[in-house]
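Following: one structure in structure tokens, then a few remarks.
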Amino acid sequence: MPFIRIGIAILGVLILSLSISRLVYPYGVGAWEAFNWMPATHLLEGKNPYAFAFTPPYGMSPYGIVYYALIAVGVQIFGYQIWFGRILSVLAFVVCIWAVVRIVGKLAHGKEVVWFACLAGLAMFPAQIWISVMRSDLIAAAFAFSALALVFTFEEDEKISFWSVSATVLLSSAAFFTKQTYLLPTGIIFLRFLQLKKWREAVIFAVGLVFLVFGGMFLLNQTSSGGYVWQHFTHAQRLPYSLAQCADVFIEMLKNPTFFFSLVCLIIFAFQNRKFFNRLSRAEAIKIARSPKFLIFGYLLLSFVWSFFSAGRVGGAANYYIENSFLLAIAIGLIFEQFKRNALPNLALAMIFLLTVGGAFQIFRILRGEYFRWQSLSYYQEVFETVGKVVPPGSKCISIEAEMVVWNGCAFNFDDHEEYNGTWSPELIEIFEREIKAGRYAAVLWMDDKFTERFPNYRLIKMSQSLPERFFPIYLYVPEQPPMKSE
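Here my numbering runs 768 ahead of the position in the sequence shown, where the first position is 1.
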């Protein structure tokens, strides 16, 4: 127990340091924290954020409406800032750890196993890399795992209230409408109700979820003139997909010590239990199939497959393994209990040590990236101040960093710039090129120094400071002629 708590303390301090660094840093992280403010602003104006792909101010909204509503709350109360969304992701991370601990505490025995599950959750790389970033990933996971934590605490002989079932419906729907890749949890929750022989509750959950999800999708699509379905389904199918990309992301995940070690633990566990099902009677097999642990390991297997293939689309990265990583923490918590019960103390101790050291190593790597991030601050500050000097307030601008123009009083256009420049979106590219060639924007802040080759009617303003080292560069372009007014 003391070793586990020491590991938790070490990882907790490192994660807290990382979170504070990101919360305090004033500027965004390029595409990582893009497509947030414009959809939130549309909501505050009573408009559907999915209706502006083809109309000014031009913006794609890849996240769910619940996420944008949360960001809109921060914009309404505090104005345009980044820290509110980052705080939400930190709180979401805490909720996910709570859910992991709660589920393991229900399925296992002893406080030591619960503390170990907490350590495992803190050690998982996907959550570490995305904590304190203004994105939907961890927030969606928090909704989903809260619903899972609720349903896995129900007992077969317990009367489940209508309000408890309603809570699972609302949380599952919120997860989907935060990030629409969270589909597996809904199936697992339904199966758990069936395991408990709660037929009525299973029907209420399924009907309520279908009503909320499909009803919400219908309303969003109707009020966006078809923009919601076009963005999230029709257009999404065009995104480049590659099995090589799936493999590349998985290989990158294997390079993270805690992910690799957790897989080794799973393999050892599977090898030790390889003959388990051979000696089961039919009645025992049915009993195992109704076990919550069996459902967790089945969910974990499905999540591996889901994460692997989901990451094959353009932009796929470690964030597609966030759901899987928290499930992995639950699974190795249960494996830790078995190792302890089977008198394998050295193996259990090795799990504690490797999770602590591996998790700390991963966070130190991320913190090294934070060092370069802070080293870039003076460059970003110069870009921001230069925009304020050369661009009149109220002008229309384009920027890969929305805060650079919005905080200077400019109107932000073309949110999610990658969609308007991807080879998979010819109609969006046509809009972008038409608007830029017309010289309608007083400033364009771009990610490379080749913009003038594509659009010679803009010129680069060079900064006095060197470009950031190992961090996202940003280049300021202004039109050769004063910007034209929109027609």
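Glycine included, C-beta positions come from ideal geometry on N, C-alpha and C.
Take every Cβ of the region 798-811, pair it with every Cβ of the region 1178-1185, and state whether three or more of those distances are shorter than 8 Å.
yes
Using DSSP with H/G/I as helix, E/B as strand and the rest coil, what is I1168?
coil
Could you spell out where the alpha helix (DSSP H) holding F1072 opens and where it closes?
1060-1078
Short of 7 Å in beta carbon distance, which residues of its chain neighbour E1255, apart from the five on each side in sequence? Order them along the chain.
Only weak support exists for where E1255 lies, its pLDDT of 45 falling under 50; the value from the coordinates is given anyway. For E1255, where only same-chain residues beyond five positions count, there are no Cβ hits under 7 Å.
Would you check if the distance between the CB atom of V863 and the CB atom of F913 is smaller than 9 Å?
yes
For the pair the region 884-901 and the region 1118-1134, tell me if three or more CB-CB distances fall below 8 Å.
yes
Run the CB neighbour count on P953, radius 10 Å, all protein chains shown included, and call it buried at 16 or more, exposed below.
buried
Through-space distance from K879 to L1102, alpha-carbon basis
12 Å
Contact under 9 Å by Cβ, T946 with Y835
yes
Here's the rule I'm using: 16 or more other beta-carbon atoms within 10 Å means buried, otherwise exposed. How should V1073 be labelled?
exposed
With distance defined between alpha-carbon atoms, name the residue in P1236, Q1233, A1210 nearest to N1225.
A1210
Between which residues of its own chain and K927 is the CB-CB distance below 7 Å, once the five residues before and five after are set aside?
none
Where do the N-terminal and C-terminal ends of the alpha helix (DSSP H) with P770 fall, by residue?
770-792
G1083 and C1014 look like a contact to me (Cβ under 8 Å); what is the Cβ gap, rounded to whole Å?
About 13 Å; that fails the 8 Å criterion.
For the beta strand (DSSP E) containing A1179, list its first residue and its last residue.
1179-1181
Is it the case that the Cβ atoms of L916 and A867 are separated by a distance below 9 Å?
yes
Mind checking L1069: buried by the 16 CB within 10 Å criterion, or exposed?
exposed
What are the start and end residues of the beta strand (DSSP E) that includes P1247?
1243-1247
From this set, R773, V975, Y1067, A974, which residue's C-alpha is nearest I956's C-alpha?
Y1067
First and last residue of the uninterrupted alpha helix (DSSP H) at L1228
No alpha helix (DSSP H) contains L1228, which is instead part of the beta strand (DSSP E) from 1226-1229.
Sequence-distant residues of the same chain with beta carbon closer than 6 Å to L1096, five excluded per side
S1030
Anticipated Cβ contact below 8 Å, L964 with V937, distance rounded:
The pair is not a contact, with the Cβ atoms about 16 Å apart (cut-off 8 Å).
Which of the three DSSP states, helix, strand or coil, is assigned to E1255?
Residue placement at E1255 cannot be trusted, given a pLDDT of 45 that sits under 50; what the coordinates show is reported in the next sentence. The answer is coil: DSSP assigns E1255 none of H, G, I, E or B.
Would you decide whether G1162 is buried or exposed? Buried here means 16 or more other CB atoms lie within 10 Å of its CB.
exposed
So, at 7 Å on beta carbons, what are the nonlocal neighbours of A885 in its own chain, with the 5 sequence-adjacent residues on each side left out?
V868, V869, V872, A1097, I1098, G1101
Looking only at DSSP bridge pairs, what is W1214 linked to?
Y1243
Just reading off the alpha helix (DSSP H) that M985 is part of, what are its end residues?
967-990
Rounding to the nearest angstrom, what Cα-Cα distance links P1247 and L779 in this structure?
49 Å
Helix, strand or coil for G827? Go by DSSP, reduced to three states.
strand
8 Å Cβ shell around I850 - same chain, five flanking residues per side excluded:
P794, Y795, G796, E801, M902, E1171
Looking at C-alpha atoms only, which residue of F958, V933, W1192 is the closest neighbour of Q1005?
W1192
Would Y1088 be called buried (16 or more neighbouring beta carbons within 10 Å of its own) or exposed?
buried
Cβ pair R1141, F1239 closer than 9 Å:
yes
Quick check on DSSP: helix, strand or coil for R1133?
helix
What does the Cβ neighbour count give for Y1139, buried or exposed, with the cut at 16 atoms within 10 Å?
exposed
When you compare only the Cα positions, how much space is there between S787 and G853?
12 Å
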